[in-house]
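Protein chains: 2
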Amino acid sequence: MQPESARRSNRERTEATRGDLIAAATKLFVEKGYGETSTPEIVASAGVTRGALYHHFADKRALFHAVVEDEAAAVADEIEKATPDTLGAREALLTGGLAFFNAMAVSGRTRLLLLDGPAILGRETMDRIDSRHGTRTLREGIAMAMRSGAMKKLPLEAVTALLSAAFDRAALAIEAGASARDYLKSLEALIDGLMEGNGAAPAGSAPRIRGPLD
Amino acid sequence: MQPESARRSNRERTEATRGDLIAAATKLFVEKGYGETSTPEIVASAGVTRGALYHHFADKRALFHAVVEDEAAAVADEIEKATPDTLGAREALLTGGLAFFNAMAVSGRTRLLLLDGPAILGRETMDRIDSRHGTRTLREGIAMAMRSGAMKKLPLEAVTALLSAAFDRAALAIEAGASARDYLKSLEALIDGLMEGNGAAPAGSAPRIRGPLD
DNA sequence: GAACATACATACAGTTTGCATGTAACTCGA
DNA sequence: TCGAGTTACATGCAAACTGTATGTATGTTC
């Protein structure tokens, strides 16, 4: 009989090591932030050496990039799972927003994705990552709403970015202790304002979205 | 006769050194970002030694904090100067927004105030800084609009934060090369949507704001 | 003008990053 | 199946950086 660790194909080794590295890095980046996390710490937590890290990733930033990519995908997944296709544009936006808050409530994710991410990787890189994941659904929803005439016709990229930014800031504020209800209500108003023919709808007249925050 | 450099009161020395340090740091932080700027570089550019830096500031972050504070104040000043008191709420918001974009167009300011700032100092600290400067005017404008009945009544802090975030993201996008007109138009729509009784106003019916972007 | 505080400069210790070098394990064609 | 070549690491090293401790000159105060 051979020890478990021996006799592994290169593919398996790479996959396992990369996975360990990313998992350890994710935990530490989320807990302490990018700047306060050192590569010796990461590799110690992953049970490998810095040689392995620099073999698989060009530098610390590349590892961070991989972590952000994964977390962004995870958040997008959670949102998609929580947002049934049967909803109208407005409801999809709000339900998705709530799912976004829940996904971001995993402690430290806001720091990773909304603070360190843009600072370390740059806004453009973050936009590219987001547009493959989280923002994609958002943009599609907005596009659909505009085509169907439910929403005012505006520059798609700009509106998507602006709403995305608003949701991001809300997530940050909520984690910092602000009233989730206040932010939800304001986001609702922001979105309603973009809807065609919303007139002066009384604040309470819009169908409420039910969620864990109620 | 004595050389210019001698015979200076402590107050003068401190003021001069702190000023040189902040000026040099501002230039470098704006050009290369916080992480890529080293303290040896800063002090070399300021013509002092690291001893002076660590005498006046607790650490690199404290210096960064001072720089951010100053730049935020400068931006707020430019906005205030460009926004006459005679404007109505909606126009004040849009004119101020345009002034904000112009102030942020100073290359690298977006990085300093919108990327590195939140990452290094945290959102809460940035919020405190902003609320003393840039956001203050914004919040007051919104509050006035709400009180006068021009704008829907919503949680003030939340709406302020959300709109502020939207403006921030727009500044970032514009610097990255996006169409300023698209973002302006979308922001206009976002704001109009918050106004009471805006109904289904045709896209072009709102008074245009004239600015350097036209 | 002596005691004290302030404003620095210099020296040092501990970390951290990225790379270069060494070695064991895997892959693959003959 | 076996050796050449590649991949996956571990280890060692050099440079840079941060923060602090220590030393010194210059103002300040009584």
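Note that the protein sequences, when read in sequence, are chains A and B.
Going by the working numbering, the residue at position 180 of the first sequence is 1406; the numbering climbs one at a time, nothing skipped.
Going by the working numbering, the residue at position 165 of the second sequence is 1391; the numbering climbs one at a time, nothing skipped.
Glycine residues also receive a C-beta, built at the ideal position from the N, C-alpha and C atoms.
On a predicted model such as this, the values are computed, not experimentally measured, just so you know.
Taken residue by residue, none of the stretch 1276–1301 of chain B has a beta-carbon sitting less than 7 Å from a beta-carbon on chain A. Residue 1311 of chain B is classed as exposed because its beta carbon has fewer than 16 other beta carbons within 10 Å across all chains shown. CA-to-CA, the gap between residue 1272 of chain A and residue 1270 of chain B works out to about 40 Å.
Secondary structure note for residue 1303 of chain B: its alpha helix (DSSP H) is the uninterrupted segment 1286–1308. By the neighbour-count criterion, in which 16 or more other beta carbons inside 10 Å mark a residue as buried, residue 1359 of chain A falls on the buried side. A straight-line Cα-Cα distance of about 13 Å links residue 1388 of chain B and residue 1405 of chain A.
Among the residues facing chain A, residue 1342 of chain B is included, as its CB has a counterpart in that chain under 7 Å away. In this chain, the alpha helix (DSSP H) harbouring residue 1412 of chain A covers 1406–1420. Three or more pairs of CB atoms, one per stretch, sit closer than 8 Å, so the stretch 1300–1314 of chain A contacts the stretch 1346–1366 of chain A. Around the beta carbon of residue 1379 of chain B, fewer than 16 other beta carbons lie within 10 angstroms, which makes this residue exposed. Contact with chain B is found for residue 1419 of chain A, since one of that chain's Cβ atoms lies less than 7 Å from the residue's Cβ. Under the DSSP assignment, residue 1317 of chain A falls in the alpha helix (DSSP H) whose first and last residues are 1315–1330.
The alpha-carbon separation between residue 1384 of chain A and residue 1332 of chain B amounts to approximately 21 Å. Counting only the Cα atoms, residue 1409 of chain A lies some 17 Å from residue 1318 of chain A. Annotation for residue 1265 of chain B: the continuous alpha helix (DSSP H) segment containing it runs 1265–1272. No Cβ-Cβ contact shorter than 7 Å links residue 1345 of chain B with residue 1399 of chain A. Annotation: Cβ neighbours of residue 1385 of chain B in chain A (cutoff 7 Å, chain order): 1412. With a threshold of 16 other beta carbon atoms within 10 Å, residue 1374 of chain A falls short and is exposed. Contact between residue 1323 of chain B and residue 1393 of chain B holds, since their C-beta atoms are separated by about 6 Å, short of 8 Å.
With a cutoff of 7 Å on beta-carbon distance, residue 1415 of chain A and residue 1336 of chain A are scored as not near each other. The C-beta distance from residue 1422 of chain B to residue 1402 of chain A rounds to 30 Å, too long to fall under 8 Å, and the pair is not in contact. Taking C-beta atoms under 8 Å as the contact rule, residue 1347 of chain B and residue 1368 of chain B fail to qualify, at a distance of about 24 Å. Counting along the chain, the unbroken alpha helix (DSSP H) around residue 1351 of chain A starts and ends at 1349–1358.
Contact annotation for residue 1396 of chain A against chain B: 1384, 1387, 1388 and 1391 [CB-CB distance below 9 Å, chain order]. In the DSSP assignment, residue 1253 of chain B falls within the unbroken alpha helix (DSSP H) covering 1236–1258.
Under the Cβ distance rule, residue 1406 of chain A does not count among the residues neighbouring chain B, no pair being separated by less than 7 Å. The C-alpha of residue 1352 of chain B is placed about 20 Å away from the C-alpha of residue 1325 of chain B.
With fewer than 16 other Cβ atoms inside 10 Å of its own Cβ, residue 1238 of chain A counts as exposed. Per DSSP, residue 1342 of chain A is not a residue of any alpha helix (DSSP H), being assigned neither H nor E. The alpha-carbon separation between residue 1288 of chain A and residue 1356 of chain B amounts to approximately 32 Å. As DSSP reads the structure, residue 1370 of chain A sits in no beta bridge. By the criterion of a C-beta distance shorter than 7 Å, residue 1286 of chain B is surrounded in its chain by 1265, once the five residues flanking it on both sides are discounted. Every unbroken stretch of the alpha helix (DSSP H) spanning 4 or more residues and falling wholly within the stretch 1373–1405 of chain B is given here in chain order: 1382–1401. Just so you know, the alpha carbons of residue 1395 of chain B and residue 1235 of chain A end up roughly 46 Å apart. Its Cα nearest to that of residue 1340 of chain A, the residue A/1260 stands out among A/1260, A/1241, A/1321 and A/1251. Assigned with DSSP and collapsed to three states, residue 1312 of chain A falls in coil, not helix or strand.
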